[in-house]
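First comes the structure, then the notes that go with it.
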Amino acid sequence: MNKMLYNNRIMERENLINIEDRGYQFGDGIYEVIGVYDGKPLMLDEHLERLERSAGEVKLSLPGTIVDLKSKLEELVAANGLQEGIIYMQVSRGSAARWHEFPASDVSPVTVAYTRAEERMSEIEDQGATAVLTEDIRWLRCDIKTLNLLPNVLAKQKAVENNAIEAILHRGDLVTEASASNVFIVKDGELFTHPANNFILNGITRKKVLQLCDGLGVKVNEKTYTVKDMLEADEVFITATKLDVVPILKIDDRTIGTGEPGKMTRQVLQAFRTLY
Ligand code: PMP
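Each residue of the sequence shown is one higher than the one before, starting from 196 at the first, in the working numbering.
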């Protein structure tokens, strides 16, 4: 795992962070996390498409083409001999004297990527996990995958301190998503998930689950729902890269449905596993 991508070079991993990198000082950059299964990045095109969109939304011009970036990331996975794990990649607006406004146009964005070996999460996906609830205190452009993750970090910390896998976020009464995953509920045989607007990150796993449900003939409603709806749902599950589909059996002190992974959740998980 000791090779990294630095701009367009695969090289030995070392700390090349400039203290005036805007990613470091302002969180001024965007990122992606891509799952690797059996040595192959899963849904890499979709992740790179989202990266391009995030770049556009924060007015950052990506250096080089997506096609080149794709082949560099594949080269990195091969160079590190990664079988199971993730690729982390980010593009910051570059390094320049610290002023809030964009730097002069001769400052280039900085791209870095590395890999990390990680076991598959099959056990937790099969057995389920618990979550906590917390207020969504993030900005109003959660659709952009930016480096600004402090509210997500604080929420996840609350989950971990309560032996939970995730913190499910709500704005007032409405559930948005979780600190690092999307949330689905099942009620009377239908799925509900927050619409893909500025209040959530449109997860690549979420999008794939929606497609799979289409094939399975499961009705999905991309509609908002309340905390009460969620606590009274028959099933709740979360989706994210590498976590895939994880049943949520308890939220705070409230048991969801029967307290066991539900039928529809298992069906969706099984369908997802056919992708790798
Ligand atoms: N929402 C948030 C806030 C996230 O950080 C993530 C990524 N971990 C997701 C949803 C899930 O997105 P994806 O399926 O693309 O990993």
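Built from N, CA and C at the ideal position, the CB exists for glycine as well. Quick caveat: nothing in here was measured; it's all calculated off a predicted structure.
Can you tell me whether residue i is helix, strand or coil according to DSSP?
i	result
Y219	helix
P390	coil
T191	Because the chain spans 196 through 471 in this model, residue 191 falls outside it and cannot be assessed.
P346	helix
R159	Residue 159 lies beyond the stretch modelled for the chain, which goes from 196 to 471, so this question has no answer here.
G363	Correcting the residue identity first, residue 363 is Ile in this sequence and not Gly. Reduced to three states, the DSSP call for I363 is strand.
Q406	helix
E279	coil
L411	helix
A373	strand
F297	coil
K198	strand
S287	strand
I319	helix
Look at the alpha carbon of residue i and the alpha carbon of residue j, and state the distance between them as a whole number of angstroms.
i	j	result
V302	R208	23 Å
Y232	R315	8 Å
Y283	I225	11 Å
R401	V441	12 Å
L239	D321	25 Å
D338	N397	6 Å
G289	E296	12 Å
N393	W334	9 Å
A292	T341	21 Å
G234	G280	9 Å
Keeping to the same chain, check which residues put their C-beta closer than 8 Å to that of residue i; ignore five residues upstream and five downstream.
i	result
I212	Y219
I205	K198, M199, K267, E270, L271, A274
A362	A326, V327, L328, T329, A350, K351, K353, A354, A373, S374
S256	A250, P304
R461	P442
L411	Q462, V463, A466
Can you tell me which of the options puts its alpha carbon nearest to the alpha carbon of residue i?
i	options	result
A354	I446, Q285, V305	I446
G454	Q278, E252, A324, I433	A324
G222	G412, E330, V253, E361	V253
K414	F379, V307, T421	F379
H389	V370, K382, V404	V370
V228	I443, Y420, C337, Y309	Y309
C408	M425, I395, D424, G384	G384
G276	K265, A299, A312, V431	A312
V463	V431, G452, G230	V431
D368	M459, V422, L405	V422
L470	M425, M196, L237	L237
Q285	R217, W294, P346, V262	R217
S376	L438, H242, G230	L438
H365	R336, I395, H242	I395
A359	E244, Y201, D448	D448
K458	Q278, V348, E318, K382	K382
Between which residues of its own chain and residue i is the CB-CB distance below 7 Å, once the five residues before and five after are set aside?
i	result
G259	N203
L246	I225, E227
D331	L364, H365, R366, T371
L264	L243
I433	E361, A373, S376, N377, V378, V441, I443
Among the residues of its own chain, which have a CB less than 6 Å from the CB of residue i, if the five just before and after it don't count?
i	result
P346	I332, R333
Next on the checklist: If we require 3 or more residues per run, which beta strand (DSSP E) segments fall completely within the region 423-462?
Outcome noted: Look at the region 423-462 and you find these whole runs of beta strand (DSSP E), each 3 residues long or longer: 430-435, 439-446.
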